[in-house]
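Chemist: Sequence lines, in order, name chains S and X. Here the first sequence is numbered in UniProt numbering, starting from 1 and rising by one per residue. Here the second sequence is numbered in UniProt numbering, starting from 1 and rising by one per residue.
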Amino acid sequence: MTRATPTPRRPRAPASASQQRLDPIGGLAAWPLAPVVAVIVVTYAVVATISRTHEIQTREFAAAAVAVLIIAAAVLVWSARPDLAPFTRARAVVIVALGLAAHLLAAASTWQFNGMIQDDFAPIGLGLLLLALAPFRPFKEILVLGSASALAVGITALVQSPYLSIQTPPALFAIIAMTQVLAPTLGAAAYSRQVVNSIHRWQTDARRAIRARTEEDRGLLASEVVEQRLRNLGADVLPFLADVLERQSLTAADIKRARSLAFQVRRVLVAEVDHTWLDDLIDRERINLTARGLTPLCVVADPERRATGFDSDQRAAVGAMIVALCRLTGFDPTSLVVQIDGSGAAPADTDQITQAFGHRSARPTPATDTTTLAIVTAEEQQAAAQARAQARAQAQVYAATGSRTHTSSSKTIDTITIQAGISLPPFQRRRALRPYLSVLRAVFTRVRVASRHPLLTLEFEAERFQTKGTR
Amino acid sequence: MSLGLPGHLVQLTLARALARAAHWFALTCLMAGAVSVSILSLSSPELWITVVVVVAMGALLVLFTRHRRIGFAVAYLLVGTLSVYIFTVTVLGVPDVFPASNMFLVALPKMALVMVGGAGSTALAGVLWSTAAFLLAESAAFLAILGTEVPYRPDLFTLSTYVVLVGVIVLAGIDRRASNAAQPAIHRAVQDGANRQLRDALDTRAIALLNDTTVAQLVALSLAEPGALSPGLQTSLRDTLSTLHDTNWLTDIDARSNTGPQPTLAEKAQTETAQAQTEQPPSQAWLSSAVHTAIERCSERGLKIEVTGDRDALARLDAGSDRDVGLAVQQCLVNVILHSGIASAEVAIEQDLTTISLLITDAGRGFTESESASDRLGLRQSVRRRIEQLGGSVLIWSRPGAGTSVRLTVPAAQKNA
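1. How about the region 296-309 of chain S and the region 325-341 of chain S: do they share at least three Cβ pairs that are nearer than 8 Å?
2. In its own chain, which residues sit with a C-beta less than 7 Å from the C-beta of R363(S), not counting the 5 before and 5 after it?
3. Establish whether the CB of P184(S) and some CB of chain X are separated by less than 8 Å.
4. Spatial neighbours of P86(S) within its chain, please: CB distance less than 7 Å, with the 5 preceding and 5 following residues excluded, ordered by chain position.
5. Note down the Cα distance separating G320(X) from T295(S), rounded to an integer number of angstroms.
6. Whose CA, out of L202(X), S242(X), S222(X), V219(X), lies closest to the CA of R229(S)?
7. Taking Cβ positions, are D310(X) and Q351(X) nearer each other than 8 Å?
8. Please name the residue or residues paired with R458(S) in a DSSP beta bridge.
9. Where do the ends of the beta strand (DSSP E) carrying K140(S) lie?
10. Is Y163(S) closer than 8 Å to F121(S) when the C-beta atoms are compared?
11. So, using beta-carbon positions, are I305(X) and A348(X) closer together than 8 Å?
12. Taking 8 Å as the threshold (C-beta atoms), are I86(X) and I39(X) in contact?
13. Decide if R380(X) is buried, meaning its Cβ has at least 16 other Cβ atoms within 10 Å, or exposed.
14. Looking at the structure shown, is T295(S) part of a helix, part of a strand, or coil, going by DSSP?
15. If we ignore side chains and look at the alpha-carbon of each, how far apart do S83(X) and A75(X) end up?
16. Could you check whether S357(X) and L408(X) sit closer than 8 Å to each other, using their CB atoms as the reference points?
17. Just to confirm, are F455(S) and Q428(S) a CB contact at a threshold of 8 Å?
18. To the nearest angstrom, how far is it from the Cα of E55(S) to the Cα of V10(X)?
19. Within this structure, are the beta carbons of V265(S) and V215(X) separated by less than 8 Å?
20. Are any of the Cβ atoms in chain S nearer than 8 Å to that of A21(X)?
21. How is E463(S) classed by DSSP in three states: helix, strand or coil?
22. Do R193(S) and F139(S) have their CB atoms nearer than 8 Å?
23. Quick check on E306(X): does DSSP put it in helix, strand or coil?
24. What is the DSSP secondary structure of Q389(X), counted as helix, strand or coil?
25. Is the region 236-254 of chain S in contact with the region 208-225 of chain X, if contact means three or more CB pairs nearer than 8 Å?
26. Is V410(X) helix, strand or coil by DSSP?
27. Taking only beta-carbon atoms, is V97(X) less than 8 Å away from chain S?
28. I need the boundaries of the beta strand (DSSP E) containing G341(S), first residue and last residue.
29. If you follow the alpha helix (DSSP H) that D274(S) is part of, which residue opens it and which one closes it?
30. What would DSSP say about T372(S), mapped onto helix, strand or coil?
31. Among residues of its own chain, excluding the 5 on either side of L105(X), which ones have a beta-carbon nearer than 6 Å to its beta-carbon?
32. Would you kindly report the start and end of the unbroken alpha helix (DSSP H) that includes T213(X)?
33. Using a C-beta cutoff of 8 Å, does G187(S) count as contacting chain X?
34. Using the C-alpha atoms, what's the distance from F460(S) back to A450(S)?
35. For the region 312-346 of chain X, enumerate the residues whose C-beta is nearer than 7 Å to any C-beta of chain S, in chain order.
Here's what the structure looks like:
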């Protein structure tokens with residue numbers, strides 16, 4: 001036994017949080033609960049039905065009750081499968097509804113001939129199904145579903161009470177039947193609440209620690225950034241400026257030099273600005289692979305810089321997955337491709353000028369002074385414009401077909417595709433990547449895994465409702 | 001929210017959650033038992049004792065839940081065993097009600113007792129506690145049944161509760177070594193992300209600053225006439241060099257109020273400074289704001305700037321926001337100087353309860369989307385990123401031949417009524 005240590009109050013976890021959502025890797029460990037419960041429920045239902053054949057009046061109803069309960073158990077196992085995560089509310093409702101249907105069918109099958117309420121299999125089966133929801137659903141939902149089921153079970157018990165063999169007050173039967181549902185429900189809800197609060201507390205602390213550690217490094221990072229910036233500035237810019245200042249005069253050659261330097265510096269700066277966190281990540285993995293004596297060829301195709309729209313959890317999940325892929329034994333260093341495209345607008349940036357009434361055809365002549373400063377080549381401009389036009393066209397197609405855009409045009413879907421060649425037996429590969437996939441499933445939607453040995457393709461989607469501006 | 005529990009916390013967390021679940025399960029059983037025997041005691045008054053023992057068990061359980069001490073666990077176990085005996089013997093002793101001993105009602109206190117094992121801090125302890133409770137409960141019940149008339153039938157309810165509880169405890173105890181390596185990797189990725197974000201924020205600042213200083217300086221030089229350096233150019237060159245040579249420019253930026261470029265195109269400044277400040281005397285808040293400084297500088301470079309709207313609103317910005325807004329406005333005005341082909345611009349300041357907006361308008365050449373790439377560094381880095389880092393937003397309207405409007409909106413301190 002451990003003694004509870006008093007912990008200070010911290011912000012409560014969101015009401016929709018479940019163990020599986022908050023801690024997908026921990027949720028993986030909880031998944032065997034579902035098949036175990038399913039086996040118990042089904043076995044008990046079959047045994048209880050066979051041992052009470054003398055009470056059964058309508059065989060069809062009895063068979064249907066067992067069949068429906070088996071379906072409920074199957075849905076539970078299917079819903080809890082890690083590769084089909086997250087366990088949604090709809091799944092939980094379906095499972096409980098099927099359990100209730102089985103209960104009603106079973107009650108109908110022994111109508112007027114039920115000897116005892118306590119050995120009905122359905123309330124206990126329903127209770128166990130609710131118990132199995134604990135790692136997957138928030139506690140309030142378990143409470144609501146459980147209370148509703150208990151109410152239904154209690155009412156059926158009351159209705160049956162005149163025909164039962166034991167003569168006690170009818171309320172007693174209702175209490176007995178309801179307890180069989182309520183006890184596991186309250187247990188499951190208490191588990192869910194406690195686990196979610198603990199995880200949330202740890203996450204709050206961990207985030208605080210990460211922030212503090214990052215702030216500690218601020219000075220170091222700042223000087224690194226300054227150093228890198230000055231290095232990228234080129235060795236000659238500052239001496240050139242100093243030289244001009246010292247001479248107190250400008251020659252035609254100086255002016256020409258200033259122009260070309262301005263051109264160069266801006267080109268470097270623009271390239272830096274276009275860099276996203278994903279490029280950084282791949283760059284670093286490339287360096288690591290090179291350090292291991294391999295010749296990596298890793299491609300990032302994110303022409304619209306959609307990666308910038310990801311939040312920190314999504315970045316972490318993708319980052320961890322890519323790092324895990326790159327460090328897997330049997331990873332083919334020339335095979336990694338990360339591609340992001342999608343429908344709707346790319347994250348906000350200056351590229352998207354709000355064109356109030358503009359037409360591209362009406363082009364003014366650029367100022368002669370600044371033509372030298374145009375650092376993006378015509379091809380690049382064209383490519384970017386083409387990509388944008390393509391994205392717009394795609395968005396229009398999606399909007400027209402209505403296949404993915406559910407609500408309004410402000411919703412954006414980014415589709416991320418990660419492809420890598422891994423020469424590892426499928427079983428080992430699955431085992432190694434399972435935790436990372438579970439995390440991906442927690443923060444992205446429609447995670448799909450396709451594999452044509454040795455090529456592994458992960459595809460998943462991010463929904464954005466508003467754009468963010470950080471890199 | 002992908003930051004899962006680290007290995008060393010999993011055990012403790014799951015143990016606590018299981019304890020909670022077990023306590024609630026037990027409490028439900030006891031409450032159901034108490035209500036049931038209360039109802040029964042209406043017709044059989046001798047059952048009052050069972051109500052007392054169930055309530056006593058419940059009280060001990062609550063005490064044990066609040067203070068998880070081993071003493072309470074032992075007390076719960078002993079009192080519970082005694083309670084099970086009294087409960088069974090009394091309930092089954094009521095004549096002609098219960099046909100056999102395996103009643104769910106009789107199993108209720110036993111199931112509650114078995115749940116004591118859920119509070120074990122390790123899987124082994126949990127299994128041992130619940131086994132002890134199960135054996136004690138079943139023995140007490142067996143002894144009690146021998147003393148009554150009803151025939152003995154094995155109680156499958158308590159047995160299956162015990163089996164399920166032990167199963168769950170064991171499941172929670174063994175299944176955590178599988179994915180231990182991934183959790184630290186996720187944690188590392190989150191830390192990496194945080195570092196990268198800070199680095200990017202610093203980088204954004206650095207690039208904006210370099211654009212404001214070095215590039216602006218080089219552009220100014222490239223646009224100057226050959227010959228002696230003008231005094232304006234000299235000062236701005238000196239300022240840029242001293243800014244960049246001071247290696248702490250990035251961290252010091254917060255303390256500095258004056259990091260923007262100095263007036264560079266002074267020699268081209270033929271037009272008169274014309275700030276529309278004539279109608280009313282300028283307030284101190286306006287004069288000390290960075291936006292004012294930026295407008296002054298660009299006026300020195302020959303731009304005719306008309307300021308309208310509520311200037312004192314800028315006092316609602318804190319020092320950092322004020323500096324960044326000033327630099328962003330300056331970049332917009334520099335763009336007007338460099339690209340619009342016109343020498344006048346308008347700055348309109350508006351405010352509402354929570355934000356301040358600045359609209360910088362010129363009637364110049366304008367630009368198209370594709371063309372904007374040529375100067376996206378200035379707009380993107382020095383204007384948009386800066387404002388977005390303040391939590392604000394930037395809207396740009398432009399069309400060739402019809403001028404450009406840039407609207408900067410930034411959050412500000414709540415407006416006083």
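Glycine included, every Cβ here is placed at the ideal spot set by N, Cα and C.
Modeler: Reading from the atomic positions:
1. yes
2. Taking the first sequence and counting its residues from 1, one reaches residue 363(S) at position 363. Note that R363(S) scores 32 on pLDDT, short of 50, meaning its location in the model is unreliable; the coordinates nonetheless yield the value given after this. Once the five neighbours on either side are set aside, R363(S) has no close Cβ partner at all.
3. For the purposes of this step, residue 184(S) is taken as the residue at position 184 of the first sequence. It does: the Cβ of P184(S) has a partner Cβ on chain X nearer than 8 Å.
4. Along the first sequence, read from residue 1 onward, the residue named residue 86(S) stands at position 86. Closer than 7 Å at the Cβ level, and outside the excluded window around P86(S), lie Q20, R21, R441, A442.
5. In the second sequence, residue 320(X) corresponds to position 320, counting from 1. In the first sequence, residue 295(S) corresponds to position 295, counting from 1. Distance between the alpha carbons of G320(X) and T295(S): 46 Å.
6. By one-based count along the first sequence, residue 229(S) stands at place 229. Nearest of L202(X), S242(X), S222(X), V219(X) to R229(S), Cα basis: L202(X).
7. For the purposes of this step, residue 310(X) is taken as the residue at position 310 of the second sequence. For the purposes of this step, residue 351(X) is taken as the residue at position 351 of the second sequence. Their beta carbons are under 8 Å apart, which means D310(X) touches Q351(X) by this criterion.
8. Within the first sequence, numbered from 1, the residue matching residue 458(S) stands at position 458. Note that residue 458(S) is Leu in the sequence shown, not Arg. DSSP output for L458(S) lists I418(S), V449(S) as bridge partner(s).
9. Within the first sequence, the letter at position 140 stands for residue 140(S). Per DSSP, K140(S) belongs to no beta strand (DSSP E); it is in the alpha helix (DSSP H), 139-160.
10. Residue 121(S) sits at position 121 when you count from the first residue of the first sequence. Residue 163(S) sits at position 163 when you count from the first residue of the first sequence. No, the Cβ-Cβ distance between F121(S) and Y163(S) is not below 8 Å.
11. Numbered from 1 along the second sequence, position 305 holds the residue referred to as residue 305(X). Numbered from 1 along the second sequence, position 348 holds the residue referred to as residue 348(X). Not in contact: I305(X) and A348(X) (Cβ atoms no closer than 8 Å).
12. Taking the second sequence and counting its residues from 1, one reaches residue 39(X) at position 39. Taking the second sequence and counting its residues from 1, one reaches residue 86(X) at position 86. Contact: no.
13. Numbered from 1 along the second sequence, position 380 holds the residue referred to as residue 380(X). It counts as buried.
14. For the purposes of this step, residue 295(S) is identified with residue 295 of the first sequence, where counting begins at 1. Coil.
15. Here residue 83(X) refers to the residue found at position 83 when the second sequence is read from its first residue. Here residue 75(X) refers to the residue found at position 75 when the second sequence is read from its first residue. Distance between the alpha carbons of S83(X) and A75(X) is about 12 Å.
16. If you number the second sequence from 1, residue 408(X) lands on position 408. If you number the second sequence from 1, residue 357(X) lands on position 357. Yes. Within cutoff.
17. Taking the first residue of the first sequence as position 1, residue 455(S) is located at position 455. Taking the first residue of the first sequence as position 1, residue 428(S) is located at position 428. Residue identity differs from the one stated: residue 455(S) is Leu in this sequence, not Phe. Going by C-beta atoms, L455(S) is not nearer than 8 Å to Q428(S).
18. Position 55 of the first sequence, counted from the first residue, corresponds to residue 55(S). Position 10 of the second sequence, counted from the first residue, corresponds to residue 10(X). For E55(S) and V10(X), the distance between alpha carbons rounds to 47 Å.
19. Taking the first residue of the first sequence as 1, we reach residue 265(S) at position 265. Taking the first residue of the second sequence as 1, we reach residue 215(X) at position 215. A contact, by the Cβ cut-off of 8 Å.
20. As a first step, residue 21(X) is located in the second sequence; it is residue number 21 there, counting from the start. At least one chain S Cβ lies under 8 Å of A21(X).
21. For the purposes of this step, residue 463(S) is taken as the residue at position 463 of the first sequence. In this structure, E463(S) counts as strand in the three-state DSSP scheme.
22. As a position in the first sequence, residue 193(S) is number 193, starting the count at 1. As a position in the first sequence, residue 139(S) is number 139, starting the count at 1. Cβ atoms of R193(S) and F139(S): closer than 8 Å.
23. For the purposes of this step, residue 306(X) is identified with residue 306 of the second sequence, where counting begins at 1. E306(X): strand per DSSP, three-state reduction.
24. Start at 1 with the first residue of the second sequence, and residue 389(X) comes out as number 389. Of the three classes helix, strand and coil, the one that applies to Q389(X) here is helix, per DSSP.
25. yes
26. Stepping through the second sequence from its first residue, residue 410(X) is reached at position 410. Strand.
27. Here residue 97(X) is taken as the residue at index 97 of the second sequence, counted from 1. Interface residue, yes.
28. As a first step, residue 341(S) is located in the first sequence; it is residue number 341 there, counting from the start. Per the sequence presented here, residue 341(S) reads as Asp, with Gly not at that position. First-last of the beta strand (DSSP E) with D341(S): 337-343.
29. Against the first sequence, residue 274(S) aligns to sequence position 274. D274(S) -> alpha helix (DSSP H) spans 252-274.
30. Start at 1 with the first residue of the first sequence, and residue 372(S) comes out as number 372. Note that T372(S) scores a pLDDT of 27, beneath 50, so its modelled location is shaky and nothing firm can be said.
31. Sequence index remark: in the second sequence, residue 105(X) carries index 105 (1-based). The residues are S36.
32. Residue 213(X) sits at position 213 when you count from the first residue of the second sequence. Counting along the chain, no alpha helix (DSSP H) covers T213(X), and no H or E run does either.
33. For the purposes of this step, residue 187(S) is taken as residue 187 along the first sequence, with counting starting at 1. Cβ-Cβ to chain X under 8 Å: yes for G187(S).
34. Indexing the first sequence from 1 puts residue 450(S) at position 450. Indexing the first sequence from 1 puts residue 460(S) at position 460. Cα-Cα distance, rounded: 11 Å.
35. L338, H339, G341
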